[in-house]
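Colleague: Dropping a structure here in structure tokens format, bear with me for questions.
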Amino acid sequence: MVQRNEYLDQLKKWKDEQVIKVITGIRRCGKSTLLELYQDYLKSLGVTDDQIISINFEELEYEELLDYKALYNYVKERLHKTKTTYVFLDEIQQVENFQKAVDSLYVKKNIDVYITGSNAYLLSGELATLLSGRYVEINMLPLSFAEFCQLKADGDKDALFAEYMKNGGLPYVTTLGNDSDKVDTYLEGIYNTIIVKDVEERQKRKETDPNKRKVTDIALLKNISKFLASSIGSPISVKSIADYVTSSGRKTSQNTVDDYVQALVEPYIFYPAERYDVLGKQLLKKNQKMYIVDLGLRRHLLARQKYDLGFSLENIIYFELLRRGYSVNIGKVGVTEIDFVARKNDDVLYYQVTASMVEESTFEREMAPLKSITDNYPKIVITLDRFTLGNYEGIEVVNAVDWLLNK
10 MVQRNEYLDQ LKKWKDEQVI KVITGIRRCG KSTLLELYQD YLKSLGVTDD
60 QIISINFEEL EYEELLDYKA LYNYVKERLH KTKTTYVFLD EIQQVENFQK
110 AVDSLYVKKN IDVYITGSNA YLLSGELATL LSGRYVEINM LPLSFAEFCQ
160 LKADGDKDAL FAEYMKNGGL PYVTTLGNDS DKVDTYLEGI YNTIIVKDVE
210 ERQKRKETDP NKRKVTDIAL LKNISKFLAS SIGSPISVKS IADYVTSSGR
260 KTSQNTVDDY VQALVEPYIF YPAERYDVLG KQLLKKNQKM YIVDLGLRRH
310 LLARQKYDLG FSLENIIYFE LLRRGYSVNI GKVGVTEIDF VARKNDDVLY
360 YQVTASMVEE STFEREMAPL KSITDNYPKI VITLDRFTLG NYEGIEVVNA
410 VDWLLNK
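Count along the sequence shown starting at 1, add 9, and that's the number in the numbering used here.
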């Protein structure tokens with residue numbers, strides 16, 4: 010079991026603070042395991058079993074607690090009389106009107122609440138209103154390459170990276186080795202579960218939220234998800250997606266496409282990255298990019314299709330920057346583009362990502378946008394080749410595998 014220290018450290022930092030800890034992320038990325046690891050940590054500090062209440066709403070034994078009033082009463086009756094009670098509510102979105110129970114628990118003394126959810130609406134609407142300023146979100150991702158290597162322990166790092174790019178980093182997938190049939194079957198199950206369950210939950214929300222339009226056409230939803238997966242690293246717009254759907258023989262409106270894209274963003278399958286004008290210092294609303302949370306899912310969606318190695322690498326680097334705590338945008342410099350502008354507090358980093366820098370034309374193309382930036386923030390090119398590494402007029406060229414393993 011990988012310790013997922015970056016997430017454990019965040020939970021430790023917020024322990025006993027008067028905020029609700031909300032852990033979000035795609036299904037099966039390890040949220041439940043993280044809660045188990047954190048509970049082990051609490052016990053190592055002397056917290057006793059009767060101070061911990063842990064409920065996973067995907068388990069049948071807790072079906073009666075899917076009513077928010079029953080949930081509230083269940084927890085209230087088990088609160089420790091004199092010590093802090095640590096309450097863990099896993100996949101809380103299964104409980105209709107869960108925010109009412111969570112809000113009521115929050116105001117009680119000597120209680121520390123942790124909830125997880127697999128859909129972004131967890132922090133939208135009524136919950137955000139009720140708990141404004143009273144929660145902290147920890148967005149959890151599948152295994153990083155460094156964590157993937159910890160699980161594999163032995164092996165050539167370049168070979169492991171090839172496996173990581175192929176199968177992705179969902180924790181259970183790493184235990185299946187290179188058995189492609191098992192991996193594909195597991196990924197198909199996860200994908201279909203996300204599509205079906207989250208669409209069902211979206212339909213339920215539509216009944217109480219007039220801003221949520223229904224997503225009823227699963228075939229259209231899957232078609233759009235394939236388009237997004239094939240467009241990783243390329244600028245897209247709602248119009249370009251609608252044009253693609255229409256060209257494939259089905260006319261659809263941009264409003265419908267926008268709803269369906271949101272239905273794929275909400276369960277953390279795709280993450281949007283907005284463009285940022287480096288010279289004008291402002292976000293641009295047009296032509297954002299989409300990145301898929303796991304390359305194994307991408308391969309499942311694009312089975313037997315070839316796709317660009319450089320874009321797959323770009324996808325990995327994007328999520329690694331998120332793991333390291335950066336906000337990430339696509340950089341625009343005049344008519345050229347920088348793959349990533351990564352910002353954290355007062356730090357700014359500029360990144361170009363390419364599979365290889367060996368060809369002179371590629372070298373010049375990747376370097377040119379970075380050279381045009383006149384500020385003194387670090388500029389880095391990340392590549393899979395090991396022949397062009399070094400410093401070029403202040404621009405560092407580093408190997409992707411080495412960079413991913415050395416924070």
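Built from N, CA and C at the ideal position, the CB exists for glycine as well.
What number of angstroms, rounded off, separates the C-alpha of leucine 69 from the C-alpha of leucine 80?
Modeller: 14 Å
Colleague: How far does the beta strand (DSSP E) with glutamine 291 in it extend, from its first residue to its last?
Modeller: According to the DSSP assignment, glutamine 291 belongs to the beta strand (DSSP E) that extends over 291-301.
Colleague: Can you name the start and end residues of the alpha helix (DSSP H) that glutamine 108 belongs to?
Modeller: 107-115
Colleague: Taking Cβ positions, are threonine 392 and threonine 363 nearer each other than 8 Å?
Modeller: yes
Colleague: Say whether the segment 55-72 touches the segment 98-107, bearing in mind that this needs 3 or more beta-carbon pairs closer than 8 Å, one atom from each stretch.
Modeller: Touching, yes.
Colleague: I need the boundaries of the beta strand (DSSP E) containing tyrosine 144, first residue and last residue.
Modeller: 144-148
Colleague: Excluding the 5 residues preceding and the 5 following tyrosine 123 in the sequence, name in chain order all residues of the same chain whose CB lies nearer than 6 Å to its CB.
Modeller: When the five nearest sequence neighbours on each side are left out, the beta carbons in the same chain lying within less than 6 Å of the beta carbon of tyrosine 123 are those of Lys30, Phe97, in order along the chain.
Colleague: Please report the residue range of the alpha helix (DSSP H) in which threonine 265 lies.
Modeller: 263-274
Colleague: Pull the bridge partners of phenylalanine 8 from the DSSP assignment, please.
Modeller: No answer is possible for residue 8: the residues shown for the chain start at 10 and end at 416.
Colleague: Would you mind stating whether isoleucine 250 and valine 266 have Cβ atoms separated by less than 8 Å?
Modeller: yes
Colleague: Rounded to a whole number of angstroms, what is the C-alpha to C-alpha distance between tyrosine 95 and isoleucine 120?
Modeller: 6 Å
Colleague: Quick one: any contact between the segment 180-193 and the segment 163-170, if contact means 3 or more CB pairs under 8 Å?
Modeller: no
Colleague: Considering only C-alpha positions, which residue in the set Leu379, Met10, Glu375 is nearest to leucine 44?
Modeller: Met10
Colleague: Where does glutamine 361 fall in DSSP's three states?
Modeller: strand
Colleague: What are the residues that DSSP puts in a beta bridge with glutamate 346?
Modeller: Lys341
Colleague: Quick test of your reading: valine 270 and valine 247, contact by CB under 8 Å. State the CB separation rounded to the nearest angstrom.
Modeller: The pair is a contact, with the Cβ atoms about 7 Å apart (cut-off 8 Å).
Colleague: Give the DSSP-derived three-state secondary structure of proline 180 in the structure shown.
Modeller: helix
Colleague: Just tell me which of Asn264, Tyr195, His309, Lys295 has its CA closest to the CA of serine 234.
Modeller: Nearest option by C-alpha distance: His309.
Colleague: Where does alanine 238 fall in DSSP's three states?
Modeller: helix
Colleague: For glutamate 283, name the three-state secondary structure that DSSP assigns.
Modeller: strand
Colleague: Helix, strand or coil: how does DSSP classify leucine 393 here?
Modeller: coil
Colleague: The beta strand (DSSP E) that contains serine 63, what's its start and end?
Modeller: Going by DSSP, serine 63 is part of the beta strand (DSSP E) stretching over 61-65.
Colleague: Would you tell me roughly how many angstroms separate the C-alpha atoms of lysine 206 and isoleucine 241, rounded to the nearest one?
Modeller: Those two C-alpha atoms are separated by around 25 Å.
Colleague: Per DSSP, arginine 352 is paired with what?
Modeller: Ser336, Val357
Colleague: Assign threonine 194 to buried or exposed, taking buried as 16 or more other Cβ atoms, counted over all protein chains shown, within 10 Å of its Cβ.
Modeller: exposed
Colleague: Could you tell me whether the segment 257-265 touches the segment 18-32, where touching means 3 or more Cβ pairs closer than 8 Å?
Modeller: no
Colleague: First and last residue of the beta strand (DSSP E) that includes lysine 6?
Modeller: No answer is possible for residue 6: the residues shown for the chain start at 10 and end at 416.
Colleague: Between the segment 173-182 and the segment 148-164, can you find at least three pairs of beta-carbon atoms closer than 8 Å?
Modeller: yes
Colleague: Taking 8 Å as the cut-off, decide whether the C-beta atoms of phenylalanine 349 and isoleucine 325 are in contact.
Modeller: no
Colleague: Hey, methionine 93 and glutamine 48: beta-carbon distance below 8 Å or not?
Modeller: Reading off the sequence shown, one finds threonine at residue 93, where the question assumed methionine. Between threonine 93 and glutamine 48, the CB-CB gap reaches or exceeds 8 Å.
Colleague: Run the CB neighbour count on lysine 353, radius 10 Å, all protein chains shown included, and call it buried at 16 or more, exposed below.
Modeller: The residue in question, lysine 353, is exposed, as its Cβ has fewer than 16 Cβ neighbours within 10 Å.
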